[in-house]
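Trainee: Here this note's numbering is used: the first residue of the sequence shown is 783, the next is one more, and so on. Note that the Cβ used here is the ideal one computed from N, Cα and C, for glycine as well.
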Amino acid sequence: MKRITIAVLSLLVFILLALPFLADGENGVIDAEVRARSGGSFAQGRDGAIHYQFEGPENGEIVVLVHGLSMPLFIYGPISAVLQREGFRVLRMDLYGRGLSDRPETPYNNDLYERQLSDIFQSLNIQKPVHLIGTSMGALVAIHFTLKYPEKVKTLGLIAPAGLPMEIPLVAKLSRLPILGDYMMKSFGDRSLLQGTKKSFYEPEKFPDFGSLFQEQMQYKGFKRAILSSLRNMPLESFEEEYKRLGTFKIPKLLIWGKDDKVVPFKNSELALRLLPGIVFVPLDNAGHIPHYEIPERVAPKLIEFLKR
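(1) Does DSSP classify THR888 as helix, strand or coil?
(2) Among LYS980, LEU929, GLU1019 and MET1000, which one has its Cα closest to the Cα of MET948?
(3) Looking at the structure shown, is LEU804 part of a helix, part of a strand, or coil, going by DSSP?
(4) Taking just the CA atoms, how far does THR1030 sit from SER994?
(5) If we require 4 or more residues per run, which alpha helix (DSSP H) segments fall completely within the segment 879-923?
(6) Can at least three beta-carbon pairs, one atom from the segment 876-890 and one from the segment 943-962, be found at a separation below 8 Å?
(7) Is the beta carbon of LEU851 less than 8 Å from the beta carbon of ILE1009?
(8) DSSP three-state call for ARG871: helix, strand or coil?
(9) Would you report the Cα separation of LYS1041 and VAL1064, rounded to the nearest angstrom?
(10) For the segment 1004-1030, list the alpha helix (DSSP H) runs that are entirely contained and at least 4 residues long, ordered along the chain.
(11) Between which residues of its own chain and HIS1099 is the CB-CB distance below 6 Å, once the five residues before and five after are set aside?
(12) Can you tell me which of the three DSSP states LYS1041 falls into?
(13) Could you pull out every residue in the same chain whose Cβ sits closer than 6 Å to the Cβ of ALA805, ignoring the five residues on either side in sequence?
(14) Tell me the residue span of the alpha helix (DSSP H) that contains ALA779.
(15) Using only the alpha-carbon positions, how far apart do SER1051 and PRO839 sit?
(16) From GLU1087 to GLY859, what does the alpha carbon distance come to, in whole angstroms?
(17) Quick one: give me the first and last residue of the beta strand (DSSP E) that VAL848 is part of.
(18) Is it buried or exposed for ASP884, if we count other Cβ within 10 angstroms and need 16 for buried?
(19) At the level of alpha carbons, what is the spacing between LEU882 and GLY920?
(20) Judging by CA-CA distance, which residue of ILE832, VAL872 and VAL848 is the nearest neighbour of ASN841?
(21) Can you tell me the Cα-Cα spacing of ASN809 and LEU952, whole angstroms?
(22) Who are PHE836's beta bridge partners in DSSP?
(23) By the 10 Å Cβ neighbour count, where 16 or more other Cβ atoms means buried, how is ALA1082 classified, buried or exposed?
(24) How is the beta strand (DSSP E) around LYS1084 delimited, first residue to last?
(25) Look up VAL1046 in the DSSP assignment and give the residues it is bridged to.
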């Protein structure tokens, strides 16, 4: 009996030690061949290569779209197409660690993404103020950039923005712990992140192919490390003071929020409105965390109306 117990315990220990390696789906590297197949463009920033798409009339006002924690630039595809038809020139990029942008060995925080935005602006010779729009975590990037470079931002749009006090899921809390969080992300991150995308939709069943699009970035080394670092280093529920500062800026602001958001609760819009007096508010019935992707036909007219004011 004792031998059986030891054998079972040994097997369990082996499984626990092997799980991070067996479950980790990151086995690819973003090299020249991968970039050539992407169909996008690349710029070199101080922290690595940046995958981007810059489309629309060359003389159009520039709209810069910043995605959130895990979904890369394709998340803005539907809204980008509408904006281009309306005469805007649209810049989408994969934030570092996502999509086909590099995954540098550095803390993934607002300073990193401020450098990324500054570098892509310089690379593309963007000199006039832009319409800057950020979703979820991307809203924090957009706010941080606006506070530092208000002269570069003509208008600011926030879609389901993070950064205000909210209850964080237990798994996210545990992932912030040293060692345990790294083990959890390596062992269960692929499945957890993929399953978690469904929470972003109001009606996920209408988007059966979304998981496949999301998974493309997951095969390249460094994706989960970047997500984990962002969970640890981005102020996802502690950016209230920056919101207050932003409220003193005269830059026109837009807030779009789905009432059925399961990722960043709609009730946070009440605090956002208090901190950002005068902001244009568009609450959306029957909408989740990514309305610009799920219901662009309802979001686009409101966004275009704001941009053309």
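Mentor: On the basis of the coordinates in this document:
(1) When secondary structure is reduced to three states using DSSP, THR888 falls in the coil class, being assigned neither helix nor strand.
(2) Here the closest residue by C-alpha is GLU1019.
(3) Here LEU804 scores only 43 on pLDDT, less than 50, and its place in the model is too uncertain to base an answer on.
(4) A straight-line Cα-Cα distance of about 42 Å links SER994 and THR1030.
(5) As far as the segment 879-923 is concerned, its whole alpha helix (DSSP H) runs of at least 4 residues are 892-905.
(6) Output reads no: the segment 943-962 does not touch the segment 876-890.
(7) In this structure, ILE1009 lies closer than 8 Å to LEU851 by Cβ.
(8) Of the three classes helix, strand and coil, the one that applies to ARG871 here is strand, per DSSP.
(9) The alpha-carbon atoms of LYS1041 and VAL1064 are separated by roughly 10 Å.
(10) Qualifying alpha helix (DSSP H) stretches, in chain order: 1005-1015 and 1022-1029.
(11) The requested residue 1099 is not part of the displayed model; the chain covers only 783 to 1091.
(12) DSSP places LYS1041 in the coil class of the three-state scheme, outside both helix and strand.
(13) The predicted position of ALA805 is uncertain, since its pLDDT is 49 and thus under 50; a value taken from the coordinates is nonetheless stated next. If we look at ALA805 and ignore the five residues flanking it on each side, its Cβ neighbours are SER969.
(14) Given a span of 783 to 1091 for the chain in the structure shown, any question on residue 779 remains unanswerable.
(15) Taking the straight line from one Cα to the other gives about 34 Å.
(16) So the two alpha carbons sit approximately 19 Å from each other.
(17) Per DSSP, the continuous beta strand (DSSP E) segment holding VAL848 begins and ends at 844-848.
(18) With 16 or more other Cβ atoms within 10 Å, it is buried.
(19) For LEU882 and GLY920, the distance between alpha carbons rounds to 17 Å.
(20) Out of ILE832, VAL872 and VAL848, VAL872 has the C-alpha closest to the C-alpha of ASN841.
(21) In this model, ASN809 and LEU952 are separated by some 28 Å (Cα to Cα).
(22) Paired residue(s): LEU873.
(23) Residue burial is scored here from C-beta neighbours: ALA1082 has at least 16 other C-beta atoms within 10 angstroms and is therefore classed as buried.
(24) DSSP places LYS1084 outside any beta strand (DSSP E); the residue lies instead in the alpha helix (DSSP H), whose first and last residues are 1078-1089.
(25) VAL1046 is not bridged to any residue.
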